[in-house]
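Visitor: Please see the structure below; I have some questions.
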Amino acid sequence: MPFPDDGFDVVFLVDVVGEIPDKPAFFGECARVLKPGGVLAVTEQISDPDFHLPSSVRTLAAAAGLMEDGLEGLPWWTYTARFRK
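Residue numbers (full-length UniProt numbering): 1 to 85.
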């Protein structure tokens with residue numbers, strides 16, 4: 001992403017995880033552009049044909065060095081997972 005390191009307080013993704021070809025690299029980039037203490041919020045909805053369960057999003061976020069900070073909604077239907085740098 002063409003943004004500086006530590007430039008954002010929040011990165012918010014809605015129904016895009018399935019469309020990203022190199023998911024580990026993308027989550028790494030999200031971590032890079034977040035300020036220390038910044039939040040990555042990932043929303044997924046079952047109506048998206050590329051729906052990802054929270055477990056796969058957790059794995060990607062953890063590999064990027066982000067720590068889980070909460071989950072709202074129903075993990076098998078619609079949810080927002082938060083991760084902190």
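Positions of the beta carbon are idealized from the N, C-alpha and C atoms, including for glycine.
If you're wondering where the values come from, they're calculated on a predicted model, not measured in any experiment.
Rounding to the nearest angstrom, what Cα-Cα distance links residue 60 and residue 46 in this structure?
Guide: Residue 60 sits at position 60 when you count from the first residue of the sequence shown. Residue 46 sits at position 46 when you count from the first residue of the sequence shown. Going by the C-alpha atoms only, they are around 19 angstroms apart.
Visitor: Rounded to the nearest angstrom, how far is the Cβ of residue 148 from that of residue 13, given a contact under 8 angstroms?
Guide: Because the chain is modelled from 1 through 85, residue 148 falls outside the range shown and cannot be assessed.
Visitor: Closest by CA to residue 65, which one among 17, 4, 32 and 8?
Guide: One-based indexing of the sequence shown puts residue 65 at position 65. Ranking 17, 4, 32 and 8 by Cα distance to residue 65 puts 32 first.
Visitor: How would you write the range of the beta strand (DSSP E) that residue 24 sits in, first residue to last?
Guide: Stepping through the sequence shown from its first residue, residue 24 is reached at position 24. Element bounds for residue 24: not the beta strand (DSSP E) but the alpha helix (DSSP H), 23 to 33.
Visitor: For a test of the three-state rule: what should DSSP assign to residue 53, helix, strand or coil?
Guide: Here residue 53 refers to the residue found at position 53 of the sequence shown. Residue 53: coil per DSSP, three-state reduction.
Visitor: Can you grab the Cα-Cα spacing for the pair residue 83 / residue 69, in whole Å?
Guide: Residue mapping note: residue 83 aligns to position 83 of the sequence shown, counting from 1. Residue mapping note: residue 69 aligns to position 69 of the sequence shown, counting from 1. Each residue's Cα considered, the two are about 5 angstroms apart.
Visitor: Go through its chain and collect everything with a Cβ distance to residue 6's Cβ below 6 angstroms, but skip five positions before and after it.
Guide: Locating residue 6 in the sequence shown gives position 6, counting from the first residue. Closer than 6 angstroms at the Cβ level, and outside the excluded window around residue 6, lie 35.
Visitor: Excluding the five sequence neighbours on either side, which residues of its own chain have a C-beta within less than 6 angstroms of the C-beta of residue 67, listed in chain order?
Guide: On the sequence shown, position 67 is the one that residue 67 refers to. 84, listed in sequence order.
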